[in-house]
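K.L.:
Here it is: the structure, laid out below.
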Amino acid sequence: MQAFNTAAPLLKSKGILRGYSSIFDIGIFLILTGLVFSRFALSVGLIILFLDSVFSGHLKKNIKKFLQNRFLILLASIFLVYLITGLYSSDKSYFFERIRIALPMLILPFSFANREGTDHDQLNKWLFLFFVPVSLTAIYSAAALFCRHSSFSIVFDENTHLITPINHVRYSLMVAFCIFIGIHLLRSNWLKSSFQKYLSLFFTLFLVVYLHFISVRSGLLGFYLVCFFYVIKAFMLLRIRKALVLSVLLAGLVLSASQIIPGFKHKLVVSKESVLAYASGEPIQSLSDNWRFRSIEAGLAIGTRDWLLGVGLGDLKNAMKVELEKVGKKGIKLLLPHNQFVFVFAFSGILGLCLFCFVLFKAVYIGSASGLPLFWHLNVIVLSSFLFDTTIETQVGLVFWVFFSLLLSRK
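Quick note on my numbering: the sequence shown kicks off at 405 and runs consecutively.
What follows is the structure, given as structure tokens:
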């Protein structure tokens with residue numbers, strides 16, 4: 405720990421961590437950069453935050469503050485939903501593999517227990533530190549795709565893949581979130597120079613275009629839901645002119661993207677065809693959508709059979725394998741239910757799902773009441789992705805959600 409205390413001032417003096425002055429700040433720096441560039445850096449950042457909270461000399465104070473903070477307790481309670489099912493999971497090896505991924509739900513809330521909120525200047529620095537790498541990697545992704553295909557008229561499907569620094573679904577959520585970070589920075593007084601403001605404006609507009617270019621539905625849905633809520637809010641506050649302007653801008657964006665960006669138009673058509681085919685009981689032509697729907701059906705079947713407590717987190721893998729083989733999905737890559745709520749229902753039953761939903765939405769309600777608008781932007785984006793993916797069942801997805809929820813909440 406002394407080595408870290410020695411390193412922090414040195415890094416600051418060299419300009420590498422300007423504005424960062426403690427072990428906690430170094431941990432945050434590693435998490436922010438690790439989310440985009442390195443799972444190793446992400447893991448090291450989590451370890452540093454945990455060690456700082458345990459060995460900083462204020463362990464008893466941290467524990468007391470943690471137990472007194474409803475928001476932190478609620479977030480950490482999600483981990484208990486996972487942990488309890490280990491009592492009746494027969495496959496302990498897979499259980500420990502999954503519970504290790506879920507550990508940040510416990511580590512991060514405890515690590516933030518002794519933090520009395522972050523001043524706006526420092527918070528904006530951290531947000532900017534995340535905003536810039538996501539923007540730069542998006543530019544690199546677009547350039548790399550253009551070099552590979554010699555065109556931006558690319559339709560991404562099972563045969564044409566995205567070039568992103570991390571999983572494209574999680575990355576699309578980060579891109580959507582960074583659009584609102586960019587708007588937040590532009591509206592604040594934190595950006596001082598004209599260069600910083602124009603750069604942030606360019607990055608924000610580029611991310612909007614890039615999000616439609618890669619056409620990942622999770623990120624697009626989150627982006628448009630946040631925008632739609634602002635339209636509804638404007639109507640409810642009788643700001644009719646503002647609501648109409650926002651509505652026209654959003655409608656124009658969708659129509660323009662569907663005409664200019666082939667990938668976006670293709671994704672709209674495929675999504676419509678998949679939903680209609682599933683509703684009418686016909687075969688779904690999109691392979692990824694077919695697997696997604698089948699995995700959700702399998703998860704519902706598993707949860708329905710063991711409706712009270714579920715099969716246990718450790719046994720979900722084998723249960724999914726058996727269920728998918730029943731419908732002829734042999735030899736394919738194992739799919740977990742592509743819906744976070746169905747995933748929880750399958751391994752923890754109706755009791756676990758009710759507890760999960762209660763602590764999840766209660767935590768979001770408390771955080772939204774006291775946090776920055778970016779808090780609910782983040783949660784609209786992430787929670788909407790729960791409908792199509794197990795967003796928090798990877799280290800990157802989980803840390804992205806929990807870390808920024810803690811950072812942006814005042815509780």
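From the three backbone atoms N, C-alpha and C, an ideal C-beta is built for every residue, glycine too.
1. Does the Cβ-Cβ distance between S494 and D693 come in under 7 Å?
2. If you drop the 5 nearest sequence neighbours on each side, which residues of the same chain put their C-beta closer than 7 Å to that of S813?
3. Kindly indicate the opening and closing residues of the alpha helix (DSSP H) around I467.
4. Taking the beta carbon of G753 as the centre, do at least 16 other beta carbons fall within 10 Å, making it buried, or is it exposed?
5. Specify the secondary structure class of F560 as computed by DSSP and reduced to three states.
6. Less than 6 Å between C-beta atoms, sequence neighbours within five positions excluded: which residues of the same chain meet that for F534?
7. Check whether the Cβ atoms of L531 and I585 lie closer than 7 Å to each other.
8. Have a look at H781 and F633 and give me their C-alpha separation to the nearest angstrom.
9. In or out: D525 buried (at least 16 other Cβ within 10 Å) or exposed?
10. If distances are taken between C-alpha atoms only, which option among D710, Q600, A723, S660 comes closest to V612?
11. Short of 8 Å in beta carbon distance, which residues of its chain neighbour T798, apart from the five on each side in sequence? Order them along the chain.
12. For F581, which of Y486, L624, F499, V726 has the nearest alpha-carbon?
13. Take the Cβ of I451 as the centre, count every other Cβ of all protein chains shown within 10 Å, and call the residue buried at 16 or more, exposed below.
14. Count the other C-beta atoms from every protein chain shown that fall within 10 angstroms of the C-beta of L811, then say buried if there are 16 or more, exposed otherwise.
15. Could you check if P687 is buried or exposed, using at least 16 other CB atoms within 10 Å of its CB as the buried criterion?
16. For N518 and A480, I'd like the C-alpha separation in whole angstroms.
17. Under 6 Å from any heavy atom of the ligand FAD, does the C-beta of I503 make it?
18. What are the complete alpha helix (DSSP H) segments, minimum 4 residues, inside the region 618-670?
19. Using the Cβ count rule (16 or more neighbours within 10 Å means buried), how would you classify A723?
20. Please state whether DSSP places V715 in a helix, a strand or coil.
21. In whole angstroms, give me the CA-to-CA distance for F808 and V800.
22. Based on Cα-Cα distance, which residue from S684, G703, I700, V673 lies nearest to S690?
23. If R696 and F790 are in contact, beta carbons under 8 Å, what's the gap, nearest whole angstrom?
24. Can you tell me whether Y517 is helix, strand or coil according to DSSP?
25. Just reading off the alpha helix (DSSP H) that N783 is part of, what are its end residues?
26. Which residues in the same chain as L487 place their Cβ atom closer than 6 Å to its Cβ, once the five residues preceding and following it in sequence are excluded?
27. In whole angstroms, what is the alpha-carbon distance linking Y614 and N743?
28. Under a three-way DSSP split, which group does F792 fall into?
29. Report the rounded CA-to-CA distance for Y498 versus L757, giving the unit in angstroms.
30. Any idea what DSSP makes of V803, helix, strand or coil?
31. Please confirm whether L590 and S604 have their CB atoms less than 7 Å apart.
32. Can you name, in chain order, every residue of its own chain whose Cβ lies under 6 Å from the Cβ of L478, other than the five neighbours on each side?
33. Taking the C-alpha atoms as reference points, what is the distance between F607 and V731?
34. Applying the 10 Å Cβ sphere with the 16-neighbour rule, what's the burial state of E727?
35. L609: buried (16+ other C-beta within 10 angstroms of its C-beta) or exposed?
36. For G626 versus S788, is the C-beta spacing smaller than 7 Å?
P.N.:
Let me spell this out:
1. Taking the first residue of the sequence shown as 1, we reach residue 494 at position 90. Taking the first residue of the sequence shown as 1, we reach residue 693 at position 289. Contact annotation: S494 and D693 have beta-carbon atoms that are not nearer than 7 Å.
2. Taking the sequence shown and counting its residues from 1, one reaches residue 813 at position 409. Counting only Cβ-Cβ distances below 7 Å, and skipping sequence neighbours, we find F475, G771, S774, G775, F779.
3. Translated into the one-based positions of the sequence shown, residue 467 becomes position 63. Secondary structure note for I467: its alpha helix (DSSP H) is the uninterrupted segment 463-472.
4. Here residue 753 is taken as the residue at index 349 of the sequence shown, counted from 1. Flag for G753 reads buried.
5. The residue you call residue 560 lines up with position 156 of the sequence shown. If DSSP states are grouped into helix, strand and coil, F560 belongs with coil.
6. If you number the sequence shown from 1, residue 534 lands on position 130. The residues are L436.
7. As a working note, residue 531 is residue 127 in the sequence shown. As a working note, residue 585 is residue 181 in the sequence shown. If you check the CB distance, L531 and I585 come in under 7 Å.
8. In the sequence shown, residue 781 corresponds to position 377, counting from 1. In the sequence shown, residue 633 corresponds to position 229, counting from 1. Distance between the alpha carbons of H781 and F633 is about 10 Å.
9. Residue 525 sits at position 121 when you count from the first residue of the sequence shown. Looking at its Cβ environment, which holds fewer than 16 other Cβ atoms inside 10 Å, D525 is exposed.
10. Within the sequence shown, numbered from 1, the residue matching residue 612 stands at position 208. Nearest to V612 by alpha-carbon distance, out of D710, Q600, A723, S660, is S660.
11. Here the question's residue 798 lines up with position 394 in the sequence shown. I505, N571, R574, listed in sequence order.
12. Indexing the sequence shown from 1 puts residue 581 at position 177. Closest option to F581, Cα to Cα, is L624.
13. On the sequence shown, residue 451 is found 47 positions in, with the first residue counted as 1. By the Cβ neighbour-count rule, I451 is exposed, with fewer than 16 other Cβ atoms within 10 Å of its own.
14. For this step, residue 811 is matched to residue 407 along the sequence shown. L811 should be labelled buried.
15. Translated into positions along the sequence shown, residue 687 becomes position 283. The residue in question, P687, is exposed, as its Cβ has fewer than 16 Cβ neighbours within 10 Å.
16. The residue labelled residue 518 in the question sits at position 114 within the sequence shown. The residue labelled residue 480 in the question sits at position 76 within the sequence shown. C-alpha separation (whole angstroms): 15 Å.
17. Annotation note on the ligand FAD: not contained in the displayed structure, which lists no ligands.
18. For the region 618-670, whole alpha helix (DSSP H) runs of length 4 or above, ordered along the chain, are 621-640, 644-664.
19. Here residue 723 refers to the residue found at position 319 when the sequence shown is read from its first residue. The residue is buried, with at least 16 neighbouring Cβ atoms inside 10 Å.
20. Along the sequence shown, one-based indexing puts residue 715 at 311. The DSSP-derived three-state label of V715 is coil.
21. On the sequence shown, residue 808 is found 404 positions in, with the first residue counted as 1. On the sequence shown, residue 800 is found 396 positions in, with the first residue counted as 1. About 12 Å.
22. Locating residue 690 in the sequence shown gives position 286, counting from the first residue. The shortest C-alpha separation from S690 is found at V673.
23. For this step, residue 696 is matched to residue 292 along the sequence shown. For this step, residue 790 is matched to residue 386 along the sequence shown. That belief does not hold up - the Cβ atoms of R696 and F790 are roughly 13 Å apart, past 8 Å.
24. Sequence index remark: in the sequence shown, residue 517 carries index 113 (1-based). Here the sequence assigns Ala to residue 517, which means Tyr is not the residue at that position. A517: coil per DSSP, three-state reduction.
25. Counting from one through the sequence shown, the residue named residue 783 turns up at place 379. If you look at N783, you'll find it in the alpha helix (DSSP H) that goes 777-789.
26. Residue mapping note: residue 487 aligns to position 83 of the sequence shown, counting from 1. Apart from sequence neighbours up to five positions away, no residue of its chain approaches L487 with a beta-carbon distance below 6 Å.
27. On the sequence shown, residue 614 is found 210 positions in, with the first residue counted as 1. On the sequence shown, residue 743 is found 339 positions in, with the first residue counted as 1. Rounded to the nearest whole angstrom, the CA to CA distance from Y614 to N743 is 25 Å.
28. Residue numbering aside, residue 792 sits at position 388 when the sequence shown is read from its first letter. Residue state, collapsed to three classes: coil.
29. Counting from one through the sequence shown, the residue named residue 498 turns up at place 94. Counting from one through the sequence shown, the residue named residue 757 turns up at place 353. Roughly 20 Å between the two C-alpha positions.
30. In the sequence shown, residue 803 corresponds to position 399, counting from 1. Of the three classes helix, strand and coil, the one that applies to V803 here is helix, per DSSP.
31. What you label residue 590 is simply residue 186 of the sequence shown in a count that begins at 1. What you label residue 604 is simply residue 200 of the sequence shown in a count that begins at 1. At the C-beta level, L590 and S604 come within 7 Å of one another.
32. Mapped onto the sequence shown, residue 478 falls at position 74. Result list for L478: V763, K766, A767, in chain order.
33. In the sequence shown, counting from the first residue as 1, residue 607 sits at position 203. In the sequence shown, counting from the first residue as 1, residue 731 sits at position 327. Cα-Cα distance, rounded: 46 Å.
34. The residue you call residue 727 lines up with position 323 of the sequence shown. Around the Cβ of E727, a 10 Å sphere holds 16 or more other Cβ atoms; the residue is buried.
35. Start at 1 with the first residue of the sequence shown, and residue 609 comes out as number 205. If you draw a 10 Å sphere on the C-beta of L609, you find fewer than 16 other C-beta atoms in it, and that means exposed.
36. The count along the sequence shown starts at 1 and reaches residue 626 at position 222. The count along the sequence shown starts at 1 and reaches residue 788 at position 384. Against a cut-off of 7 Å, the Cβ pair of S788 and G626 comes out as a contact.
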